[in-house]
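Have a look at the structure below, then the notes.
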């Protein structure tokens, strides 16, 4: 028999993603009757309590993906930047516990050996960018998670931490070419984007008619690019969800893939 909690959560998720105008009424009804806030993190992750301790994501993005895709096994992910494949990884849990396959892209040289040792999926060392023909100056900093294409070193609140990084040239690869290179399926379960500033440049040059994603999480760090990314993804059929808990990320689902 299916767990009634899972059934209720799936039903709520289906209603609020298919009919977002009803969310406020549902929240008020449940809070009045049960005293529960169904939009907070505790309620959202109730579905995944058994895997909560295994989550590697900074904001539990991996649990959100599992929630949205009903604990799918053998899915396909694309994640960049991937760091060492474990720390702050949005896909480690999916690969190791749910048998997913996918693509990791990480241009920072300091991560390459660990990434190769820690993961069993496709690994790309070129830098995901708007095209596949550029040589880019890359800034690798001491707090390596903040490393980025050098032109974006001052694009957010972490600019001071990037002042004394080590710069070197990297070759670019477009998102479309990355997917083609590794024979990604036309419908990809999950796209995780965290490139410390270049997210919009990558997405605005991507051909959404060739590939689609059931779930996208995209870091914005409260920069002006957040609104441009929102407009772009909305125009291509994606719905932003759970803004109350996603913080410096935005989480999207494909409209026709709402539960």
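In UniProt numbering, the protein residues as written are 1 to 259. For each residue, glycine too, the CB sits at the ideal point set by N, CA and C. Note that the structure is predicted; figures quoted are calculated from it, not measured.
Query: Own chain partners of residue 249 with C-beta closer than 6 Å, once the 5 adjacent residues on each side are dropped; Result: 59, 217, 219
Query: Extent of the continuous alpha helix (DSSP H) run through residue 171; Result: Here residue 171 belongs to no alpha helix (DSSP H); instead the beta strand (DSSP E) covers 166 to 174.
Query: Selected residue, minimal CA-CA separation from residue 272, among 107, 93, 74; Result: Outside the modelled stretch of the chain, which goes from 1 to 259, sits residue 272, for which no answer is possible.
Query: Residue 179 versus residue 28 - alpha carbon distance; Result: 43 Å
Query: Test item: CB-CB of residue 252 and residue 233 under 7 Å; Result: yes
Query: Straight-line Cα distance separating residue 70 from residue 1; Result: Note that residue 1 scores 41 on pLDDT, short of 50, meaning its location in the model is unreliable; the coordinates nonetheless yield the value given after this. So the alpha carbons of these two residues sit roughly 16 Å apart.
Query: Distance between beta carbons of residue 147 and residue 196, contact taken as under 8 Å; Result: 7 Å
Query: Neighbour-count burial assignment, residue 244, 16 or more Cβ in a 10 Å radius; Result: exposed
Query: As assigned by DSSP and simplified to three states, the class of residue 111; Result: helix
Query: Buried versus exposed call for residue 25 [16 or more other C-beta atoms within 10 Å across all chains shown]; Result: exposed
Query: Reference residue 254, options 188, 62, 125, closest by Cα; Result: 188
Query: Close Cβ partners of residue 61 (< 6 Å) along its chain, the five nearest in sequence each way excluded; Result: 90, 217
Query: Residue burial classification, residue 73 (beta-carbon count within 10 angstroms, cutoff 16); Result: exposed
Query: Contacting residues, own chain, Cβ-Cβ under 6 Å from residue 170 (five flanking each side not counted); Result: 107, 127, 136, 138
Query: Entirely enclosed beta strand (DSSP E) segments - the stretch 76 to 129, minimum 3 residues; Result: 76 to 80, 101 to 105, 122 to 124, 127 to 129
Query: Through-space distance from residue 190 to residue 5, alpha-carbon basis; Result: Only weak support exists for where residue 5 lies, its pLDDT of 48 falling under 50; the value from the coordinates is given anyway. Near 24 Å, if we compare the C-alpha coordinates of residue 190 and residue 5.
Query: Neighbour-count burial assignment, residue 63, 16 or more Cβ in a 10 Å radius; Result: buried
Query: Residues near residue 100 by beta carbon distance below 6 Å, same chain, minus five either side; Result: 75, 77, 94
Query: Proximity winner among 229, 120, 68, 52, relative to residue 215 (alpha-carbon distances); Result: 68
Query: Given residue 129 as reference, the closest of 22, 242, 247, 176 once Cα atoms are compared; Result: 176
Query: Range covered by the beta strand (DSSP E) that runs through residue 254; Result: 249 to 254
Query: Given residue 231 as reference, the closest of 209, 222, 204 once Cα atoms are compared; Result: 204
Query: Which residues DSSP lists as bridging residue 216, in chain order; Result: 191, 252
Query: Residue 141 in three-state terms, based on DSSP; Result: coil
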